[in-house]
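1 is the number of the first residue of the sequence shown in the UniProt record's numbering; add one for each residue after it.
Glycine residues also receive a C-beta, built at the ideal position from the N, C-alpha and C atoms.
Taking it in order: structure first as structure tokens, then the write-up.
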Amino acid sequence: MVDQWQAINKMSKSVIDLLKQTTEGLFMPSESEYPFNVVHWEFFNLNETTIQEKTGIIGNVRTVTVDDFFRGVTKQEDWYEEEEQNIAKRFESLVLVLKSNLDEAKVYEIGNREVHAYILGTKDGEIIGISTVVIRT
């Protein structure tokens, strides 16, 4: 059996590694905090229907920009403590990594209250990104 990483070209692997490093220990704040998971799929026509088929999650699908999805967590407020400022900076770095390393990066949100978010783009003919869950009430 061929090791799965042997099938990934070097550029894709470096982006995957960079996403793992950038999201390590980072949680998406909402009613509950969920970690990020790195996503890597062979290329397919990515749209509202195929994302549900690929993930097995059925629900309303909405697409938003990377900037819009992360807007609330990248914002720096004057009253932030040092830890909150550092978290906002980490999210700013994550947005930069996504936008500068992935083509056509966008966010697919599946669901209404428990939203499964897939922040995906393409790199060298493969779909790469991250996923998380956001609870909205």
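Burial state of residue i (16 or more Cβ within 10 Å)
i	result
Ile16	buried
Lys123	buried
Thr23	buried
Ile58	exposed
Phe43	exposed
Ser14	exposed
Gly25	exposed
CB of residue i within 8 Å of CB of residue j, strictly
i	j	result
Ser131	Phe36	yes
Trp18	Val97	For the sequence presented, residue 18 should be read as Leu rather than Trp. Yes, they are a contact pair.
Gln52	Val61	yes
Gly121	Leu102	yes
Glu126	Trp41	yes
Glu48	Thr74	no
Closest by C-alpha distance to residue i, when choosing among the options
i	options	result
Thr63	Gly121, Val115 and Glu109	Glu109
Tyr34	Ala88, Gly56, Asp78 and His116	His116
8 Å Cβ shell around residue i - same chain, five flanking residues per side excluded
i	result
Val66	Val95, Leu98, Lys99, Ala105, Lys106, Val107 and Ile119
Ser32	Val133 and Ile135
Val2	Only weak support is given to the placement of Val2: the predicted model assigns it a pLDDT of 47, under 50, and the question is left unresolved by the model.
Ser12	His40, Lys123, Asp124, Glu126 and Ile128
Thr50	Phe44
Proximity test, Cβ basis, 8 Å: residue i and chain C
i	result
Ile128	Of the protein chains in this structure there is only one, and it is not chain C.
Cβ shell of residue i (< 6 Å), same chain only, five flanking positions each side left out
i	result
Phe69	Val107
Gly111	Gly59
Gly76	Correcting the residue identity first, residue 76 is Gln in this sequence and not Gly. Excluding sequence neighbours, Gln76 sits near Ala88.
Residues near residue i by beta carbon distance below 7 Å, same chain, minus five either side
i	result
Ser30	Val134, Ile135 and Arg136
Lys20	Val38
Glu84	none
Jot down the residue ranges of each uninterrupted alpha helix (DSSP H) in the segment 18–75, minimum 4 residues, whole runs only, in chain order.
-> 48–55 and 66–74
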